[in-house]
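Per the working numbering, the sequence shown starts with residue 6, numbered consecutively.
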Amino acid sequence: AAAAAEGGGIGLLLGGDPEADGWLVEPASAGRLADPSWRVLQRRGRRVAGPWRLTWRAGEGALVLEP
6 AAAAAEGGGI
16 GLLLGGDPEA
26 DGWLVEPASA
36 GRLADPSWRV
46 LQRRGRRVAG
56 PWRLTWRAGE
66 GALVLEP
């Protein structure tokens, strides 16, 4: 996290059991370095919320929730 903040980038910490409650984050923009994006799901028991697509807009310096 500190390296991402100092470098002006973003950091994502992923890990754990994908079947457990929590967040599932996977890449959605294979091979694109300019504006990488991720598909995000939230799992609570048998219920799943999402998916959402988040994109890092380097030119804006912002993480954007895509429509």
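Glycine included, C-beta positions come from ideal geometry on N, C-alpha and C.
Determine the direct distance from the alpha carbon of residue j to that of residue i, and round the result to whole angstroms.
i              : j            : result
glutamate 65   : alanine 33   : 19 Å
alanine 25     : leucine 59   : 22 Å
glutamine 47   : leucine 38   : 25 Å
tryptophan 118 : arginine 51  : Beyond the ends of the chain as shown, which are 6 and 72, falls residue 118; an answer cannot be given.
arginine 49    : proline 56   : 13 Å
alanine 63     : glutamate 71 : 15 Å
alanine 54     : alanine 67   : 23 Å
Using the DSSP secondary-structure output, state which residues sit across from residue i in a beta bridge.
i            : result
arginine 49  : Arg52
serine 42    : Thr60
glutamate 71 : For glutamate 71, which the question treats as bridged, DSSP gives no partner whatsoever.
glycine 27   : Arg48
Do residue i and residue j have their C-beta atoms within less than 8 Å of each other?
i             : j          : result
valine 45     : valine 69  : no
tryptophan 61 : proline 41 : yes
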